[in-house]
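A.B. asks:
There are 4 protein chains.
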Amino acid sequence: MTASFSRSNSPSAILLIHCPDNKGIIATVSEFIFKNNGNITYLDQHVDTHRNVFFMRIEWEMDDFIIPDDKIGEYFDTLIAKRYDMKWQLHFSQDIPKMAIFVSKMPHCLYDILSRWKSKELEVDIPLIISNHRDLESVANQFGIDFFHFEINPHNKLEQEQAQLQLLAEHGVEFIVLARYMQVLTDDFIAHYRNNIINIHHSFLPAFPGAKPYHSAFERGVKVIGATSHYVTADLDAGPIIAQDIIRVSHADSINDLIRKGRDLEKVILSRSIWHHLQRQILVFQNRTIVFT
Amino acid sequence: MTASFSRSNSPSAILLIHCPDNKGIIATVSEFIFKNNGNITYLDQHVDTHRNVFFMRIEWEMDDFIIPDDKIGEYFDTLIAKRYDMKWQLHFSQDIPKMAIFVSKMPHCLYDILSRWKSKELEVDIPLIISNHRDLESVANQFGIDFFHFEINPHNKLEQEQAQLQLLAEHGVEFIVLARYMQVLTDDFIAHYRNNIINIHHSFLPAFPGAKPYHSAFERGVKVIGATSHYVTADLDAGPIIAQDIIRVSHADSINDLIRKGRDLEKVILSRSIWHHLQRQILVFQNRTIVFT
Amino acid sequence: MTASFSRSNSPSAILLIHCPDNKGIIATVSEFIFKNNGNITYLDQHVDTHRNVFFMRIEWEMDDFIIPDDKIGEYFDTLIAKRYDMKWQLHFSQDIPKMAIFVSKMPHCLYDILSRWKSKELEVDIPLIISNHRDLESVANQFGIDFFHFEINPHNKLEQEQAQLQLLAEHGVEFIVLARYMQVLTDDFIAHYRNNIINIHHSFLPAFPGAKPYHSAFERGVKVIGATSHYVTADLDAGPIIAQDIIRVSHADSINDLIRKGRDLEKVILSRSIWHHLQRQILVFQNRTIVFT
Amino acid sequence: MTASFSRSNSPSAILLIHCPDNKGIIATVSEFIFKNNGNITYLDQHVDTHRNVFFMRIEWEMDDFIIPDDKIGEYFDTLIAKRYDMKWQLHFSQDIPKMAIFVSKMPHCLYDILSRWKSKELEVDIPLIISNHRDLESVANQFGIDFFHFEINPHNKLEQEQAQLQLLAEHGVEFIVLARYMQVLTDDFIAHYRNNIINIHHSFLPAFPGAKPYHSAFERGVKVIGATSHYVTADLDAGPIIAQDIIRVSHADSINDLIRKGRDLEKVILSRSIWHHLQRQILVFQNRTIVFT
Numbered sequence: 001m002t003a004s005f006s007r008s009n010s011p012s013a014i015l016l017i018h019c020p021d022n023k024g025i026i027a028t029v030s031e032f033i034f035k036n037n038g039n040i041t042y043l044d045q046h047v048d049t050h051r052n053v054f055f056m057r058i059e060w061e062m063d064d065f066i067i068p069d070d071k072i073g074e075y076f077d078t079l080i081a082k083r084y085d086m087k088w089q090l091h092f093s094q095d096i097p098k099m100a101i102f103v104s105k106m107p108h109c110l111y112d113i114l115s116r117w118k119s120k121e122l123e124v125d126i127p128l129i130i131s132n133h134r135d136l137e138s139v140a141n142q143f144g145i146d147f148f149h150f151e152i153n154p155h156n157k158l159e160q161e162q163a164q165l166q167l168l169a170e171h172g173v174e175f176i177v178l179a180r181y182m183q184v185l186t187d188d189f190i191a192h193y194r195n196n197i198i199n200i201h202h203s204f205l206p207a208f209p210g211a212k213p214y215h216s217a218f219e220r221g222v223k224v225i226g227a228t229s230h231y232v233t234a235d236l237d238a239g240p241i242i243a244q245d246i247i248r249v250s251h252a253d254s255i256n257d258l259i260r261k262g263r264d265l266e267k268v269i270l271s272r273s274i275w276h277h278l279q280r281q282i283l284v285f286q287n288r289t290i291v292f293t
Numbered sequence: 001m002t003a004s005f006s007r008s009n010s011p012s013a014i015l016l017i018h019c020p021d022n023k024g025i026i027a028t029v030s031e032f033i034f035k036n037n038g039n040i041t042y043l044d045q046h047v048d049t050h051r052n053v054f055f056m057r058i059e060w061e062m063d064d065f066i067i068p069d070d071k072i073g074e075y076f077d078t079l080i081a082k083r084y085d086m087k088w089q090l091h092f093s094q095d096i097p098k099m100a101i102f103v104s105k106m107p108h109c110l111y112d113i114l115s116r117w118k119s120k121e122l123e124v125d126i127p128l129i130i131s132n133h134r135d136l137e138s139v140a141n142q143f144g145i146d147f148f149h150f151e152i153n154p155h156n157k158l159e160q161e162q163a164q165l166q167l168l169a170e171h172g173v174e175f176i177v178l179a180r181y182m183q184v185l186t187d188d189f190i191a192h193y194r195n196n197i198i199n200i201h202h203s204f205l206p207a208f209p210g211a212k213p214y215h216s217a218f219e220r221g222v223k224v225i226g227a228t229s230h231y232v233t234a235d236l237d238a239g240p241i242i243a244q245d246i247i248r249v250s251h252a253d254s255i256n257d258l259i260r261k262g263r264d265l266e267k268v269i270l271s272r273s274i275w276h277h278l279q280r281q282i283l284v285f286q287n288r289t290i291v292f293t
Numbered sequence: 001m002t003a004s005f006s007r008s009n010s011p012s013a014i015l016l017i018h019c020p021d022n023k024g025i026i027a028t029v030s031e032f033i034f035k036n037n038g039n040i041t042y043l044d045q046h047v048d049t050h051r052n053v054f055f056m057r058i059e060w061e062m063d064d065f066i067i068p069d070d071k072i073g074e075y076f077d078t079l080i081a082k083r084y085d086m087k088w089q090l091h092f093s094q095d096i097p098k099m100a101i102f103v104s105k106m107p108h109c110l111y112d113i114l115s116r117w118k119s120k121e122l123e124v125d126i127p128l129i130i131s132n133h134r135d136l137e138s139v140a141n142q143f144g145i146d147f148f149h150f151e152i153n154p155h156n157k158l159e160q161e162q163a164q165l166q167l168l169a170e171h172g173v174e175f176i177v178l179a180r181y182m183q184v185l186t187d188d189f190i191a192h193y194r195n196n197i198i199n200i201h202h203s204f205l206p207a208f209p210g211a212k213p214y215h216s217a218f219e220r221g222v223k224v225i226g227a228t229s230h231y232v233t234a235d236l237d238a239g240p241i242i243a244q245d246i247i248r249v250s251h252a253d254s255i256n257d258l259i260r261k262g263r264d265l266e267k268v269i270l271s272r273s274i275w276h277h278l279q280r281q282i283l284v285f286q287n288r289t290i291v292f293t
Numbered sequence: 001m002t003a004s005f006s007r008s009n010s011p012s013a014i015l016l017i018h019c020p021d022n023k024g025i026i027a028t029v030s031e032f033i034f035k036n037n038g039n040i041t042y043l044d045q046h047v048d049t050h051r052n053v054f055f056m057r058i059e060w061e062m063d064d065f066i067i068p069d070d071k072i073g074e075y076f077d078t079l080i081a082k083r084y085d086m087k088w089q090l091h092f093s094q095d096i097p098k099m100a101i102f103v104s105k106m107p108h109c110l111y112d113i114l115s116r117w118k119s120k121e122l123e124v125d126i127p128l129i130i131s132n133h134r135d136l137e138s139v140a141n142q143f144g145i146d147f148f149h150f151e152i153n154p155h156n157k158l159e160q161e162q163a164q165l166q167l168l169a170e171h172g173v174e175f176i177v178l179a180r181y182m183q184v185l186t187d188d189f190i191a192h193y194r195n196n197i198i199n200i201h202h203s204f205l206p207a208f209p210g211a212k213p214y215h216s217a218f219e220r221g222v223k224v225i226g227a228t229s230h231y232v233t234a235d236l237d238a239g240p241i242i243a244q245d246i247i248r249v250s251h252a253d254s255i256n257d258l259i260r261k262g263r264d265l266e267k268v269i270l271s272r273s274i275w276h277h278l279q280r281q282i283l284v285f286q287n288r289t290i291v292f293t
């Protein structure tokens with residue numbers, strides 16, 4: 001574990017919380033950690049004043065914490081969460097989650113993720129890569145990751161998705177990254193990985209959802225193009241946005257130039273979003289994200 | 001005239017051209033200027049390979065040019081333009097055009113334009129400011145510009161627009177800037193100033209056209225907000241885009257924060273677009289702009 | 001007071017704290033506010049792990065707070081600050097501070113600040129504008145603000161600064177903005193307004209400090225130019241940085257183009273920094289700023 | 001060859017020219033191409049008014065050009081270049097140059113270049129990778145490129161560079177990319193590849209040249225960090241700049257965060273610069289670049 005991973009060299013615990021806004025939540029939660037000998041290394045909170053909801057991310061060093069790891073959840077839920085009607089998640093910085101990558105034919109996002117994984121910028125296990133084409137099998141081989149090909153057509157889609165879900169379950173996959181995977185997932189598939197499927201869309205959403213956004217951007221004559229990462233929901237390209245960025249273009253850029261320039265956005269934005277996800281910095285609430293950075 | 005205005009200290013002429021793409025256009029046009037003793041200080045061209053259209057902006061110093069100013073158009077048209085089926089505009093760097101500003105209640109774009117005009121960054125005459133409210137009359141007074149109030153309601157809109165058009169004609173207004181003017185112009189009004197009405201819209205179009213884009217952006221949970229300047233056409237917020245820019249936002253930004261941050265984009269983008277327009281850098285073709293910078 | 005000012009419609013108090021890092025600080029401070037019936041609307045903290053220093057900004061609504069405004073400081077100092085060896089500042093969102101603007105000849109930053117002040121984006125009192133030239137007196141007059149001219153030469157500088165300090169004291173000025181003021185202040189003057197003089201420098205510091213940065217940037221052939229706001233210290237252009245931004249340039253940009261493009265950065269960055277200062281979002285520690293946004 | 005490579009599907013020729021500014025250059029050069037049946041697909045020019053130098057990039061389709069490829073240089077030099085005292089380079093879009101990559105221990109730039117090469121975004125031959133360490137040998141193997149290890153120490157540096165130069169010559173290497181190569185090259189080595197060694201430096205030069213720029217940036221408390229690509233000259237980190245970009249940082253970013261965020265800049269900027277170099281878009285003049293995009 002590097003310093004940049006958990007912002008500390010010690011094993012740490014991370015709590016993500018949301019609940020109706022109330023006085024005293026910060027004092028109560030921070031006192032719970034302090035009294036049990038945890039050293040808080042990060043605390044950020046946000047109040048959605050429109051919806052009257054309180055959000056918090058809090059991280060503390062576990063070295064001298066007196067509650068054992070496997071009891072923290074129970075104690076926190078009993079002593080605090082129930083009182084404030086909290087939804088909460090507990091994570092440990094030393095747990096390395098398992099991630100699957102779905103691809104089709106374009107390699108740029110896949111290469112970007114794998115090179116960050118190989119150099120340990122992304123501390124994650126990647127047990128498998130799944131694709132509806134064989135084009136990127138050699139990239140998987142280059143990095144020594146198992147590659148599974150699922151040919152998808154209108155007739156076998158549901159069946160193939162069930163097979164994929166079983167494979168993912170067998171490998172203990174916790175979340176999925178769609179690295180320019182050119183298939184729409186069914187609602188049922190998505191339901192198995194709610195807020196755990198990260199997609200990259202090659203436009204600044206909500207502009208140009210769906211197919212061929214660079215062509216649409218060219219036609220419209222925009223002066224910036226963008227990329228958007230989001231959690232996948234049942235509505236196409238309408239899930240909670242994690243990150244977005246843009247690059248300037250001009251009349252001199254052909255559609256091929258837009259595609260080429262856009263690739264740099266896509267891969268950087270997607271990998272950055274995986275990083276936020278792995279850092280447990282993201283809370284989703286009513287189709288919007290809170291990203292505590 | 002400053003050095004930054006025409007990129008040269010001498011009076012210069014500017015030709016904006018588009019025509020079907022053909023061999024020899026650059027050679028022919030540049031030879032026409034060279035043979036008549038013009039020193040070319042700027043030449044940029046663009047070929048739209050999809051539509052097979054050639055675009056060019058060429059600027060040359062007039063000091064020793066042997067064709068008189070008022071004959072250049074005739075000669076160029078006869079000798080060259082007709083041969084290549086060109087559309088062309090001729091401008092002189094020393095002509096100072098007349099611009100009207102339309103405003104409603106928000107002062108930030110108006111202040112920005114007027115302070116640039118006052119400090120001669122924008123070399124333009126501003127004979128009048130028109131508004132459907134009286135809120136900004138004091139700003140016009142501050143800068144010594146005539147202010148005309150036209151109350152607009154559903155019943156008097158056409159009539160008021162006719163009165164505005166007459167006023168604009170009396171003042172010799174060549175182009176109009178909508179500096180957060182909160183009225184939709186009729187097609188008839190727009191037709192009088194085709195490609196000569198610059199609007200600023202407070203989103204990165206084509207996302208969030210129409211009313212309250214910051215509210216929509218907040219609801220959608222975007223991570224960037226933008227502003228877009230464009231020439232006004234009959235289709236609302238769908239005219240040819242001149243310039244766009246964005247600023248990063250997060251979950252922590254309220255709608256008021258988006259509005260505040262967006263103002264900085266709006267004013268800078270709008271003023272930059274006026275600058276491009278005054279430099280005669282913009283060509284419009286099929287709802288897209290070529291901006292030769 | 002608008003919602004965007006204090007992120008809440010109620011009067012609020014703001015505490016800025018730094019102290020040696022220790023367990024329990026957040027719990028102790030947040031409990032102090034909670035127990036006395038304050039509703040925390042903002043809390044952000046930062047730990048400088050290199051220097052082992054803890055920083056916090058905390059804001060709470062005063063409506064039902066049981067400690068009177070003029071006693072909060074005493075209570076906090078006695079009960080908490082001394083125990084943790086804290087440095088702290090207490091501010092109230094409803095206090096409107098007094099700001100002086102120093103200018104020379106260039107109007108763009110001055111116009112930008114005054115138009116934001118006039119439209120109440122910047123909630124501040126501006127009792128006076130001071131200049132070493134008369135060029136911008138008319139701008140001060142336009143906005144109805146007193147203008148004081150202090151001619152500065154090598155012989156009278158100390159004397160003139162003393163007169164300026166007296167004038168500032170008479171007007172109760174709390175902080176100063178150098179809006180492209182082209183004079184170096186003496187250490188003595190600076191000492192009177194420590195961390196309370198905001199300057200805008202027209203480069204991305206630490207590149208191109210001192211005079212004529214755009215000329216140096218042009219000579220070096222950089223592809224971006226920048227602007228940097230910072231608190232003024234005895235070392236020229238070396239004080240703690242508040243905000244920085246850049247804009248892309250190319251070989252096609254003349255020095256005049258750099259100057260023109262840079263103005264947009266300068267004014268936006270400077271005004272944004274004033275906003276952070278007014279929101280009490282900035283802590284200075286060892287020549288670096290913590291800006292809690 | 002893709003459309004995005006040469007902006008045309010036909011084989012094309014590219015002329016890069018600079019010479020003392022004079023009337024008639026554009027007309028003369030464009031007529032030379034036109035008269036010999038070349039279709040100009042790109043022309044951009046720049047006049048450095050300070051130094052009175054004219055620069056031009058012109059590209060034309062070779063399909064019907066009546067001068068054979070191997071005679072264009074001779075004809076152009078005789079008929080035009082000598083008359084105007086021009087320096088010129090002639091390139092053909094179908095020539096695929098040979099590029100060597102020098103690396104040390106960090107893989108991010110290497111992965112980025114190789115994945116773009118593998119997916120044919122960068123149309124270049126890469127006969128070899130050279131390194132002073134063995135850390136990245138496995139990456140070279142992954143992509144099937146020969147890897148040569150040259151251990152460098154103060155005593156063997158000159159000798160090792162001679163061996164490298166011989167190896168480069170044997171492989172016909174035209175230009176070199178330093179992809180975070182942590183060795184300073186000798187003047188002699190650089191002289192062999194003048195304006196043909198591209199380096200990436202991890203700061204926005206001229207700020208933070210030399211070693212450990214992220215540490216210096218952290219100490220200085222900057223709010224943006226950057227990366228700069230440049231051609232290597234005898235003066236360390238002072239060569240002509242090709243491209244620069246920045247990313248925003250805050251007090252919350254540790255040095256490790258700066259390093260992590262900076263990597264994304266470094267690799268994208270370096271690869272973009274290789275792309276410009278391969279497109280023959282770059283002219284160097286007096287330590288500045290003209291990049292015709």
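Residue numbers (this note's numbering), protein chains in the order written: chain A, 1 to 293; chain B, 1 to 293; chain C, 1 to 293; chain D, 1 to 293. The beta-carbon is built from N, C-alpha and C at its ideal position, and this holds for glycine as well. This structure is a prediction, so every number in the text was calculated from the model and none was measured.
#1: Looking at C-alpha atoms only, which residue of A:Phe32, A:Asn39, A:Cys19 is the closest neighbour of histidine 46 of chain A?
#2: Determine the chain A residues that contact glutamate 121 of chain D at a beta-carbon separation under 7 Å, and present them in chain order.
#3: Are the C-beta of glutamine 281 of chain C and some C-beta of chain A separated by less than 8 Å?
#4: Can you give me the Cβ contacts of isoleucine 176 of chain C inside the same chain, cut-off strictly under 8 Å, excluding the 5 residues immediately before and after it?
#5: Shortest alpha-carbon distance to leucine 178 of chain A belongs to which of A:Thr228, A:Ile58, A:Gly221, A:Arg220?
#6: Starting from glutamine 94 of chain B, trace the beta strand (DSSP E) in both directions and tell me its first and last residue.
#7: Give the interface partners of glutamine 45 of chain B over in chain D, defined as CB-CB distance under 7 Å, in chain order.
#8: What residues in the region 212-224 of chain C have a beta carbon less than 7 Å from any beta carbon of chain D?
#9: Are the region 106-118 of chain D and the region 259-269 of chain D touching by the rule of at least three beta carbon pairs closer than 8 Å?
#10: Would you verify that the beta carbon of glycine 144 of chain D is, or is not, closer than 8 Å to some beta carbon of chain B?
#11: How about asparagine 30 of chain A: is its C-beta nearer than 8 Å to some C-beta of chain C?
#12: Find the nearest neighbour of glutamate 59 of chain A within the set A:Asp77, A:Pro11, A:Lys82, A:Asp48, judged by alpha-carbon distance.
#13: I want to verify the contact list: residues of chain B whose CB lies under 7 Å from the CB of alanine 27 of chain D, in sequence order.
#14: According to DSSP, is isoleucine 176 of chain B part of a helix, a strand, or is it coil?
#15: Determine the closest residue to isoleucine 40 of chain A out of C:Leu278, C:Phe54, C:Met62, C:Asn36, with distance taken between C-alpha atoms.
#16: What are the start and end residues of each continuous alpha helix (DSSP H) run of 4 or more residues lying completely inside the region 51-92 of chain C, in chain order?
C.D. replies: According to the data block:
#1: Here residue 46 of chain A refers to the residue found at position 46 of the first sequence. For the residues A:Phe32, A:Asn39, A:Cys19, the minimum Cα distance to histidine 46 of chain A belongs to A:Cys19.
#2: Stepping through the fourth sequence from its first residue, residue 121 of chain D is reached at position 121. In chain order: Arg260.
#3: Stepping through the third sequence from its first residue, residue 281 of chain C is reached at position 281. No, no contact with chain A.
#4: Indexing the third sequence from 1 puts residue 176 of chain C at position 176. Cβ neighbours of isoleucine 176 of chain C beyond the five flanking positions: Met99, Ala100, Ile101, Phe102, Leu168, Tyr193, Asn196, Ile197, Ile198.
#5: To locate residue 178 of chain A, count along the first sequence from 1; it is residue 178. Considering only alpha carbons, the answer is A:Thr228.
#6: Counting from 1 along the second sequence, the entry for residue 94 of chain B is found at position 94. Counting along the chain, glutamine 94 of chain B falls outside any beta strand (DSSP E), and DSSP gives it neither H nor E.
#7: Position 45 of the second sequence, counted from the start, is the residue given in the question as residue 45 of chain B. Neighbours of glutamine 45 of chain B on chain D, chain order: Leu43.
#8: Arg220, Gly221, Val222, Lys223, Val224
#9: yes
#10: Reading the fourth sequence from its first residue, position 144 is the one you call residue 144 of chain D. No, glycine 144 of chain D lies away from the interface with chain B (no Cβ there is under 8 Å from its Cβ).
#11: Position 30 of the first sequence, counting from 1, holds the residue named residue 30 of chain A. Residue identity differs from the one stated: residue 30 of chain A is serine in this sequence, not asparagine. With 8 Å as the cut-off, serine 30 of chain A counts as an interface residue toward chain C.
#12: Counting from one through the first sequence, the residue named residue 59 of chain A turns up at place 59. When only C-alpha atoms are compared, the closest one is A:Pro11.
#13: For the purposes of this step, residue 27 of chain D is taken as the residue at position 27 of the fourth sequence. Per Cβ cutoff of 7 Å: Ala27, Ser30, Glu31, Phe34.
#14: For the purposes of this step, residue 176 of chain B is taken as residue 176 along the second sequence, with counting starting at 1. In this structure, isoleucine 176 of chain B counts as strand in the three-state DSSP scheme.
#15: Within the first sequence, residue 40 of chain A is the residue found at index 40, counting from 1. Of C:Leu278, C:Phe54, C:Met62, C:Asn36, the residue nearest in Cα terms is C:Phe54.
#16: 69-76
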